[in-house]
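Trainee: Each residue of the sequence shown is one higher than the one before, starting from 1 at the first, in full-length UniProt numbering. Glycine included, every Cβ here is placed at the ideal spot set by N, Cα and C. Just so we're clear, the structure is a prediction, and the values are computed from it rather than from any experiment.
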Amino acid sequence: MTVESKDTSYVFQRKIDDKGLLCVGTKNNGMYLVLEDPKTKEQKVVLDAMSGAAVSSLGHCDPEITELMGQFAKESVYTFGGSFGNYAAEELGEFLCEKSDGDFASALWTGSGSEANENALKIMKQYHNELKDYKRHKFVSRNQSYHGYTIGALSIGDGSRKYAFSDILIDASKTPKVSPVYPYRNQKAGQSEEEYTQELLKELEQTFIDNDPTTIAGMIIETVGGSTFGTPTPTKGYLDGCRAICHKYGALFMLDEVMCGLGRCGYSYTYKSPEFGLSEGGPDLCSVGKTIGSGFVTLAGVLISPKVKKVFVEGSGAVMGAQTYHSHDFNCRVGLAVQKKIYRDNLIENVRVNGAYLKEQLKLKLKDAKYAGDIRGAGNFLSIEIVKDKTTKEPFAPSEAAGPALGALCLARGITSMGLSGTIRNEILEGGNVIMHGDHLTVAPAYTFTKEHCDIIANSIAGAFADLEKKYAA
Ligand SMILES: *Cc1c(COP(=O)(O)O)cnc(C)c1O
């Protein structure tokens, strides 16, 4: 007897044996998805307001890039990065180092953000080894963070996807956690932003002290958080404060900009935001991914500061280990073409300008929405926290799964989004199962979006909130 039915799915992802909707194409300058129900063959065209997992910076099937991809496929030669380099990896590195105004001097190209962070942990460990400081092996990170789904990346992350695997992760004593920046819920009444920031930094320094600071290798945080609790931006001075504490105790300071970086928040690097970024200079390492290849190729990477590079150059001169698809020639060529187009067409400025418009429209159209709480984010990376009561900020019961429910209502109204639960915290049960408290909805359209797309997105979300009210009133 087999368990397969006629509608069986051969892909072990999402819901097992349920194909869900399948994407079969794009429309309207790569801004829309054509989705098909595999059973009925019925099609639905929706605005891709989420770009997958905030990936497609140029929209889908960009004709300039696909033309180049045909050419690259004919010219590109695969070599193993451990043996030979290639000009594409060099040029992509040079291009993005140049855009950092000297903050970075080198880059390692990987196939995914998880791998980029995984490699970064090893680079940080090796950095200290090069300095003969062999004791450092702990990584400080934050609660409610996401750094990827591989074992090392899950260990430094937090959130609902982690706890079922706790006993096969890096020991929690080596991955101490601190609070995230969450003023909407954690900044006390009467407390200024400055005081709240100082409270967070005090906790961080105490965590260093409590975990023997001479054993801490580095700290890794998302400049702007992603899916875990909905695009939280840091408070002013927070990033400077974290970097200062890391350096005071000889640890490295790393930013994860896999989801929020490379233009998504309106600046070349999100830590350069004048609103909440570092006041000067950069982090010691920075991971990037998602939008770098716009979903045309699987590409991510770790950018390395001159300080870190120098220690390697003056030490062993070599990075330990290489993966089959590090510095992949074809992927790097496509990534470089995507990045060049983003800069040539001033698309990061478009994200800044139209992103501000979208945020304003969301605030305007959700002003009277009963369940729309905090509206936050930067650039076109924006979220709305869903609450049962705007005044008390009381969340919906976890059993309502209000985040996914709102996401489904948005899809019914013609836009993609990420409606998720677990915004406030995860209650951990036996076996690492979790009850997810709090809900939010995130959007992150392609950098090529227009004001017209913003209006569609804001109207659809406002409509979906109204639908949710009707649903719960019934
Ligand atoms: C998506 C993401 C990752 C992991 O990248 P993958 O390409 O999915 O492996 C890491 N960090 C952040 C902040 C992310 O959003």
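Is the region 321-328 close to the region 71-90, with three or more CB pairs under 8 Å?
Mentor: Touching, per the Cβ criterion.
Trainee: Within the present structure, is the beta-carbon of S112 separated from the nearest heavy atom of ligand 1 by less than 6 Å?
Mentor: For this step, residue 112 is matched to residue 112 along the sequence shown. Within the cutoff, so yes.
Trainee: Taking only the alpha-carbon atoms, compute the straight-line gap between K471 and P404 and give it to the nearest angstrom.
Mentor: On the sequence shown, position 471 is the one that residue 471 refers to. On the sequence shown, position 404 is the one that residue 404 refers to. Straight-line Cα distance between these residues: approximately 14 Å.
Trainee: What do you reckon, are the CB atoms on L299 and N331 nearer than 7 Å?
Mentor: Taking the sequence shown and counting its residues from 1, the one referred to as residue 299 is at position 299. Taking the sequence shown and counting its residues from 1, the one referred to as residue 331 is at position 331. Yes; because the gap between Cβ atoms is below 7 Å, this pair is in contact.
Trainee: Taking all protein chains shown into account, do 16 or more other C-beta atoms lie within 10 angstroms of the C-beta of Q206, making it buried, or fewer, making it exposed?
Mentor: Numbered from its first residue, the sequence shown carries residue 206 at position 206. Result: exposed.
Trainee: Nearest-angstrom Cα distance between A318 and N117?
Mentor: Reading the sequence shown from its first residue, position 318 is the one you call residue 318. Reading the sequence shown from its first residue, position 117 is the one you call residue 117. In a straight line, the C-alpha of A318 is about 19 Å away from that of N117.
Trainee: Which residue from A446, V224, G111, D103 puts its Cα closest to that of L33?
Mentor: As a position in the sequence shown, residue 33 is number 33, starting the count at 1. The candidate whose alpha carbon is nearest that of L33 is A446.
Trainee: Under 6 Å from any heavy atom of ligand 1, does the C-beta of M259 make it?
Mentor: As a working mapping, residue 259 is identified with position 259 in the sequence shown. Yes, the beta carbon of M259 sits closer than 6 Å to at least one heavy atom of ligand 1.
Trainee: Go to I216, then tell me how far its beta strand (DSSP E) extends in each direction, as first and last residue.
Mentor: By 1-based counting over the sequence shown, the position of residue 216 is 216. 216-222 is the span of the beta strand (DSSP E), which, as asked, contains I216.
Trainee: Considering T66, what are the terminal residues of the alpha helix (DSSP H) in which it resides?
Mentor: As a first step, residue 66 is located in the sequence shown; it is residue number 66 there, counting from the start. Where T66 is concerned, the enclosing alpha helix (DSSP H) stretches over 63-75.
Trainee: Just the Cα atoms here: how many angstroms apart are V308 and R243?
Mentor: Locating residue 308 in the sequence shown gives position 308, counting from the first residue. Locating residue 243 in the sequence shown gives position 243, counting from the first residue. Between V308 and R243, the C-alpha separation is close to 15 Å.
Trainee: In terms of DSSP beta bridges, what is residue 496 paired with?
Mentor: What is shown of the chain runs 1 to 474, which leaves residue 496 out entirely.
Trainee: For T423, name the three-state secondary structure that DSSP assigns.
Mentor: Position 423 of the sequence shown, counting from 1, holds the residue named residue 423. T423 falls in the strand class under three-state DSSP.
Trainee: Could you tell me if the beta carbon of residue 554 falls within a distance shorter than 6 Å of some heavy atom in ligand 1?
Mentor: Past the boundaries of the shown model lies residue 554; the chain is included only from 1 to 474, so the question cannot be answered.
Trainee: In this structure, does DSSP put G81 in helix, strand or coil?
Mentor: Translated into positions along the sequence shown, residue 81 becomes position 81. Of the three classes helix, strand and coil, the one that applies to G81 here is coil, per DSSP.
Trainee: Put V334 into one of helix, strand or coil per three-state DSSP.
Mentor: As a first step, residue 334 is located in the sequence shown; it is residue number 334 there, counting from the start. DSSP places V334 in helix when its eight states are reduced to three.
Trainee: So, helix, strand or coil for H137, using DSSP?
Mentor: Numbered from its first residue, the sequence shown carries residue 137 at position 137. If DSSP states are grouped into helix, strand and coil, H137 belongs with coil.
Trainee: Determine the extent of the beta strand (DSSP E) in which R14 is found, giving its start and end residues.
Mentor: Position 14 of the sequence shown, counting from 1, holds the residue named residue 14. Per DSSP, R14 belongs to no beta strand (DSSP E) and is neither H nor E.
Trainee: What is the residue span of the alpha helix (DSSP H) that K470 lies within?
Mentor: Along the sequence shown, one-based indexing puts residue 470 at 470. 451-473 is the extent of the alpha helix (DSSP H) around K470.
Trainee: Under 8 Å, with one C-beta from each stretch per pair, do the region 278-293 and the region 255-262 reach the 3-pair mark?
Mentor: Yes: the two stretches touch, three or more of their Cβ pairs being nearer than 8 Å.
Trainee: For ligand 1, is there a heavy atom less than 6 Å away from the beta-carbon of H437?
Mentor: Working through the sequence shown from its first residue, we reach residue 437 at position 437. No, ligand 1 has no heavy atom inside 6 Å of this Cβ.
Trainee: Could you say which of P232, Y271, V140, G152 lies nearest to D212 if we only look at CA atoms?
Mentor: Taking the first residue of the sequence shown as 1, we reach residue 212 at position 212. The residue with the shortest Cα to Cα distance from D212 is V140.
Trainee: If D439 sits next to P395, beta carbons under 8 Å apart, how far is it from one beta carbon to the other, in whole angstroms?
Mentor: Against the sequence shown, residue 439 aligns to sequence position 439. Against the sequence shown, residue 395 aligns to sequence position 395. Between P395 and D439 the Cβ distance is about 7 Å, and since that is below 8 Å, they are a contact.
Trainee: Drop a sphere of 10 angstroms on the beta-carbon of D18, count the other beta-carbons inside from all chains shown, and report buried for 16 or more, exposed for fewer.
Mentor: By one-based count along the sequence shown, residue 18 stands at place 18. The residue is exposed, with fewer than 16 neighbouring Cβ atoms inside 10 Å.
Trainee: Output the distance between the C-alpha atoms of S112 and V338, rounded to the nearest integer angstrom.
Mentor: Indexing the sequence shown from 1 puts residue 112 at position 112. Indexing the sequence shown from 1 puts residue 338 at position 338. Distance between the alpha carbons of S112 and V338: 16 Å.
Trainee: The alpha helix (DSSP H) that contains K309, what's its start and end?
Mentor: The count along the sequence shown starts at 1 and reaches residue 309 at position 309. Here the alpha helix (DSSP H) through K309 covers 306-314.
Trainee: Would L429 be called buried (16 or more neighbouring beta carbons within 10 Å of its own) or exposed?
Mentor: Locating residue 429 in the sequence shown gives position 429, counting from the first residue. L429 is exposed by the Cβ-count criterion.
Trainee: S145: which of L92, T233, W109 sits nearest, CA to CA?
Mentor: In the sequence shown, the residue the question calls residue 145 occupies position 145. For S145, the nearest C-alpha among the options comes from T233.
Trainee: Roughly how far, in whole angstroms, is the beta-carbon of K196 from the beta-carbon of T235, given that I think they are within contact range, below 8 Å?
Mentor: To locate residue 196, count along the sequence shown from 1; it is residue 196. To locate residue 235, count along the sequence shown from 1; it is residue 235. The residue you asked about is not Lys; residue 196 is Tyr in the sequence shown. So it is a contact: roughly 6 Å between Cβ atoms.
Trainee: Rounded to whole angstroms, what's the CA-CA distance from R14 to D133? Just pull it up for me.
Mentor: As a first step, residue 14 must be located in the sequence shown, where it is residue number 14. As a first step, residue 133 must be located in the sequence shown, where it is residue number 133. Approximately 43 Å between the Cα atoms of the pair.
Trainee: Starting from G438, trace the beta strand (DSSP E) both ways and give me its first and last residue.
Mentor: To locate residue 438, count along the sequence shown from 1; it is residue 438. Note, G438: beta strand (DSSP E), 434-443.
Trainee: Quick one: does the C-beta of D256 sit closer than 6 Å to a heavy atom of ligand 1?
Mentor: Here residue 256 corresponds to residue number 256 of the sequence shown, with the count starting at 1. For ligand 1, at least one heavy atom lies less than 6 Å from the Cβ of D256.
Trainee: Would you say T215 and K135 are within 7 Å of each other, going by their C-beta atoms?
Mentor: Here the question's residue 215 lines up with position 215 in the sequence shown. Here the question's residue 135 lines up with position 135 in the sequence shown. Against a cut-off of 7 Å, the Cβ pair of K135 and T215 comes out as a contact.
Trainee: Comparing alpha-carbon positions, which option in E193, A251, Y238, N346 lies nearest F208?
Mentor: The count along the sequence shown starts at 1 and reaches residue 208 at position 208. The candidate whose alpha carbon is nearest that of F208 is A251.
Trainee: Just to confirm, are S51 and V434 a CB contact at a threshold of 7 Å?
Mentor: Stepping through the sequence shown from its first residue, residue 51 is reached at position 51. Stepping through the sequence shown from its first residue, residue 434 is reached at position 434. Going by C-beta atoms, S51 is not nearer than 7 Å to V434.
Trainee: Helix or strand or just coil, what does DSSP make of M50?
Mentor: Your numbering for residue 50 matches position 50 in the sequence shown. Note: M50 maps to coil in three-state DSSP.
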